[in-house]
Amino acid sequence: MLPFLEALGIKPEVQHFFEPWLEVSSETELQFSYLDQAINRKKREVLNAHGSLIPSTTGIWCAGALHPNTVRHNFLFNSAIEVLSFCSMNIGWLARPGNVAFSALGLCPVASQVEALRSRFPNARLHTVFGNDVLGRIADCKVALWAKGKDADFHMHQDIIIAQYNSKSFRIPESIFSLHFFEKKSSLRAGIRTHKPKAGFVSFFELLKEAS
Numbered sequence: 023m024l025p026f027l028e029a030l031g032i033k034p035e036v037q038h039f040f041e042p043w044l045e046v047s048s049e050t051e052l053q054f055s056y057l058d059q060a061i062n063r064k065k066r067e068v069l070n071a072h073g074s075l076i077p078s079t080t081g082i083w084c085a086g087a088l089h090p091n092t093v094r095h096n097f098l099f100n101s102a103i104e105v106l107s108f109c110s111m112n113i114g115w116l117a118r119p120g121n122v123a124f125s126a127l128g129l130c131p132v133a134s135q136v137e138a139l140r141s142r143f144p145n146a147r148l149h150t151v152f153g154n155d156v157l158g159r160i161a162d163c164k165v166a167l168w169a170k171g172k173d174a175d176f177h178m179h180q181d182i183i184i185a186q187y188n189s190k191s192f193r194i195p196e197s198i199f200s201l202h203f204f205e206k207k208s209s210l211r212a213g214i215r216t217h218k219p220k221a222g223f224v225s226f227f228e229l230l231k232e233a234s
């Protein structure tokens with residue numbers, strides 16, 4: 023077990039579960055490799071006691087999936103440290119290790135990542151665990167669309183989110199904007215479950231540090 027992870031609030035059983043996918047640089051630093059198999063390129067997320075460096079990449083860091091066809095739930099995140107933080111606060115998802123996969127997509131998810139994950143885990147329901155802010159909620163919508171082979175453009179004007187989808191334009195107040203609301207407006211039915219930290223926190227990492 024790594025003391026600096028424990029200091030961040032990452033539970034020992036979470037460290038044990040993810041140990042095969044952790045690259046230990048030193049006692050005070052971890053790295054996570056995001057691999058884009060299509061172009062055979064890696065980028066790395068770096069985590070140490072001072073903070074984290076999260077890449078913008080087309081690659082994926084994926085953990086927990088030893089037999090892809092048995093995976094029923096695939097959780098999508100912006101970063102690997104958010105994976106560890108979420109699992110430390112939702113430990114029950116680790117009870118059936120062959121049933122779940124955890125995938126970090128980096129700062130700016132792209133359609134090719136979602137397409138690759140849908141191909142790799144054909145029987146898995148997608149869960150999104152992006153930030154509890156407008157960018158995270160837009161990411162929820164983009165992933166839901168990409169999973170259906172669709173796309174939309176989202177813009178913000180003052181406090182209004184403008185979504186352009188299927189030759190239509192929707193104006194949604196930022197305060198109520200969500201994947202659920204977008205689905206109601208657009209008639210999209212993606213079947214994706216979203217997970218957010220409690221109000222006042224943007225990420226599970228932030229919430230975990232506050233609780234530690």
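Residues in the sequence shown are numbered consecutively from 23, following our numbering. In this text, a Cβ means the ideal position worked out from N, Cα and C, and glycines have one as well.
Proximity winner among the options, relative to residue i (alpha-carbon distances)
{"i": "S47", "options": "D173, A85, N70", "result": "N70"}
{"i": "A87", "options": "I76, L52, P42", "result": "P42"}
{"i": "H117", "options": "E35, G128, S209", "result": "This sequence places Ala at residue 117; His is not what is there. That would be E35, whose Cα lies nearest to the Cα of A117."}
{"i": "D58", "options": "H202, L139, P119", "result": "L139"}
{"i": "N96", "options": "H72, R142, K231, S55", "result": "R142"}
{"i": "S55", "options": "E45, C163, D155", "result": "E45"}
{"i": "L106", "options": "L24, P131, A212", "result": "L24"}
{"i": "V93", "options": "P144, H72, S234", "result": "P144"}
{"i": "D162", "options": "L210, T80, S191, D181", "result": "L210"}
{"i": "T50", "options": "K220, A212, N100, A29", "result": "A29"}
{"i": "V224", "options": "A146, N121, F152", "result": "F152"}
{"i": "V68", "options": "E104, N121, A169", "result": "E104"}
{"i": "P90", "options": "F108, H38, A146, F40", "result": "A146"}
{"i": "G120", "options": "F227, I194, F39, I61", "result": "F39"}
{"i": "N154", "options": "A212, F226, T80", "result": "F226"}
{"i": "R66", "options": "H72, A60, Q53", "result": "Q53"}
{"i": "D181", "options": "L167, K190, K170, E196", "result": "E196"}
{"i": "L167", "options": "S191, L157, V132", "result": "V132"}
For residue j and residue i, believed in contact at Cβ under 8 Å, the rounded distance
{"i": "A126", "j": "A102", "result": "5 Å"}
{"i": "H202", "j": "H149", "result": "Their Cβ separation, rounded to whole angstroms, is 14 Å, which puts H202 and H149 out of contact at 8 Å."}
Under the three-state DSSP convention, the category residue i falls into
{"i": "M11", "result": "The question about residue 11 has no answer, for the chain in this structure spans 23 to 234."}
{"i": "G73", "result": "strand"}
{"i": "I198", "result": "helix"}
{"i": "D173", "result": "coil"}
{"i": "C130", "result": "coil"}
{"i": "V46", "result": "strand"}
{"i": "R94", "result": "coil"}
{"i": "I82", "result": "strand"}
{"i": "V122", "result": "strand"}
{"i": "M111", "result": "helix"}
{"i": "A87", "result": "coil"}
{"i": "S234", "result": "coil"}
{"i": "V224", "result": "coil"}
{"i": "F237", "result": "Given a span of 23 to 234 for the chain in the structure shown, any question on residue 237 remains unanswerable."}
{"i": "A208", "result": "The question names Ala, yet the displayed sequence has Ser at residue 208. DSSP places S208 in helix when its eight states are reduced to three."}
{"i": "K33", "result": "coil"}
{"i": "D162", "result": "helix"}
Bridge partner(s) assigned by DSSP for residue i
{"i": "D58", "result": "R63"}
{"i": "R243", "result": "Here the chain has residues from 23 to 234 only, and residue 243 is not among them."}
{"i": "L148", "result": "N96"}
{"i": "E51", "result": "S48, N70"}
{"i": "R215", "result": "H149"}
Contact with chain C by residue i, beta-carbon distance below 8 Å
{"i": "V165", "result": "Absence of chain C from the displayed structure is noted, only one protein chain being present."}
- [ ] Mind the definition here: the region 174-181 touches the region 107-115 only if three or more C-beta pairs lie below 8 Å; say whether that holds.
- [x] No, the region 174-181 is not in contact with the region 107-115.
Open item on the list: Does the region 74-88 come into contact with the region 126-136, if we say contact requires no fewer than three beta-carbon pairs (one atom in each stretch) closer than 8 Å?
Closed with: yes
- [ ] For the region 84-99 and the region 188-201, state whether three or more C-beta atom pairs, one from each stretch, are separated by less than 8 Å.
- [x] no
Open item on the list: Count Cβ pairs between the region 186-194 and the region 129-137 that sit closer than 8 Å; are there 3 or more?
Closed with: no
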